[in-house]
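Residue numbers (UniProt numbering): 1 to 97.
Right, dumping it as structure tokens:
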């Protein structure tokens, strides 16, 4: 299943998971945001970190979302993107459904 479709079908579950972590303003970028994803695509999510968010939290968040959606999920923060990646992601950003 395409990650964008998995996200649409599981939006409530994903929203519930996101509320358990210290993240705000989740946005989708990459192929899923451009509606160019396929069954081998991953799902790229950009979040604004809260003050207490750790790298371990991000790893746990990625794992939980991957299990629910059935695809690889990459969660990153604005500080985790290179300048070039941030520029590219900025063109694709789509609010979380």
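Built from N, CA and C at the ideal position, the CB exists for glycine as well.
- At a Cβ-Cβ threshold of 8 angstroms, residue 22 and residue 57 count as neighbours.
- A straight line joining the alpha-carbon of residue 12 with that of residue 45 spans about 16 angstroms.
- Here residue 52 carries a coil assignment [DSSP, helix/strand/coil].
- Residue range 73-76 is occupied by the beta strand (DSSP E) that includes residue 76.
- Secondary-structure assignment with DSSP links residue 43 through a beta bridge to 73.
- Within the model, the alpha-carbon separation for residue 71 versus residue 25 is close to 21 angstroms.
- Cβ contact annotation for residue 78 (same chain, cutoff 8 angstroms, sequence separation greater than five): 46, 48, 86, in chain order.
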